[in-house]
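Just so it is clear: in the sequence shown, position 52 is 52 by the UniProt record's numbering, and no numbers are missing.
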Amino acid sequence: MKLFLILLFTTIFSIRSYCSDPTTINFCANTSNTIALTDLLNCNELVVSNATFSVQTLKIGFTVNGNYYEQTITGNTIPQTFINNIQTYQPNLLYIEDIVLIDSNNQEKNLKPIKIKVSN
């Protein structure tokens, strides 16, 4: 009975720890879900809050005048062409979706989509 309780406690604690993993990504270590347009234009790097992971792939996009602009990115650097589109269209929101992180053991981790408000 004692062994059963220890195993049950260990299992519950492990699941709770795994489910509450706070790993996120953001622009240049800006932990807010709001970023100034000027800061966004000067920052093309996505930072992972957990140093054991790096960005493998993701999709970033925005909507302007009913058109959705999206780019699939490999790695943590946003291409200058997409930054130029942000400068041209000045969207109010950025959507980061299909976020796949990878660690040194090639273990993948999927993150929830993120919506970032862009302030002028």
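Just so you know, even glycine gets a beta-carbon here, dropped at the ideal spot from N, CA and C.
C-alpha distance - residue i paired with residue j, whole-angstrom precision
| i | j | result |
| --- | --- | --- |
| L40 | K112 | 21 Å |
| V64 | P22 | 31 Å |
| G66 | K109 | 32 Å |
| Y68 | Q90 | 13 Å |
| S104 | T72 | 22 Å |
| T31 | S54 | 17 Å |
| C28 | T77 | 10 Å |
| residue 202 | V47 | Shown here, the chain extends from 1 to 120; a query on residue 202 therefore has no answer. |
| T74 | K59 | 9 Å |
Residues that residue i bridges to, as DSSP identifies them
| i | result |
| --- | --- |
| I114 | I96 |
| D39 | In DSSP, D39 forms no bridge with anything. |
| G66 | The partner list for G66 (beta bridge, DSSP) is empty, contrary to what the question assumes. |
| I25 | V48 |
| I102 | S54 and E108 |
For residue i, three-class secondary structure by DSSP
| i | result |
| --- | --- |
| Q56 | strand |
| I83 | helix |
| T72 | strand |
| T31 | coil |
Residues near residue i in its chain [Cβ-Cβ closer than 6 Å; skip 5 each side]
| i | result |
| --- | --- |
| A36 | S119 |
| T24 | S49 |
| I114 | I96 |
Own chain residues within Cβ distance below 7 Å of residue i, not counting five before or after
| i | result |
| --- | --- |
| I102 | F53, S54, Q56 and E108 |
Check whether the region 74-83 touches the region 93-113, taking contact to mean three or more Cβ pairs, one atom from each stretch, closer than 8 Å.
no
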